[in-house]
Amino acid sequence: MPLVVDASVILPLALSDEDAAYAICVLHRLQTDPHGLVPPIFLDELQNVLLYAERDGRIEQSVSELFVRRVLEDLPLVMHPIADRFVVMQIARDHNLTFYDASYLSLALASKADMATHDKKLIAAAKAVGVVLLQ
5 MPLVVDASVI
15 LPLALSDEDA
25 AYAICVLHRL
35 QTDPHGLVPP
45 IFLDELQNVL
55 LYAERDGRIE
65 QSVSELFVRR
75 VLEDLPLVMH
85 PIADRFVVMQ
95 IARDHNLTFY
105 DASYLSLALA
115 SKADMATHDK
125 KLIAAAKAVG
135 VVLLQ
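Residue numbers (my numbering): 5 to 139.
Take a look at the structure:
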């Protein structure tokens, strides 16, 4: 079963001041079933949070850059383009999500995939439309 992975799930692996237990669970899932899916916004979100963490002194630039390289090279994640931007916008409207978060939900729906996220609004929206969440 494919798994849509929200950037918020992977970030604790780079940020030592965050709990990485769920991220480790996601990594185990991807090792046993290497069908991770992400929308195009995934890397932008990941790198934006890391940049803010650098500015806040939570992570060194070299560690941040190494982490992004590792994500790109080592994680079995396939980037899927947004098939219909208007569908994503409607999902965002219907569930009071950002376009970015709705792109994860849209991908999960279109791919009939499970989803992994820390985002409370995205969790609620996923439950509302029947997307299975990785526990």
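All C-beta atoms, glycine included, are put in the ideal place defined by N, C-alpha and C.
When the five nearest sequence neighbours on each side are left out, the beta carbons in the same chain lying within less than 7 Å of the beta carbon of isoleucine 63 are those of Ala18, Leu19, Leu54, Ala57, in order along the chain. Using a Cβ distance threshold of 7 Å, alanine 128 and valine 8 do not count as a contacting pair. Taking the Cα positions, valine 30 is about 18 Å away from serine 115. About 7 Å separates the beta carbon of methionine 119 from that of tyrosine 108, a gap short enough to meet the 8 Å contact definition.
In the three-state reduction of the DSSP assignment, alanine 132 falls in the helix class, which pools H, G and I.
Under the three-state reduction of DSSP, leucine 7 is assigned to strand.
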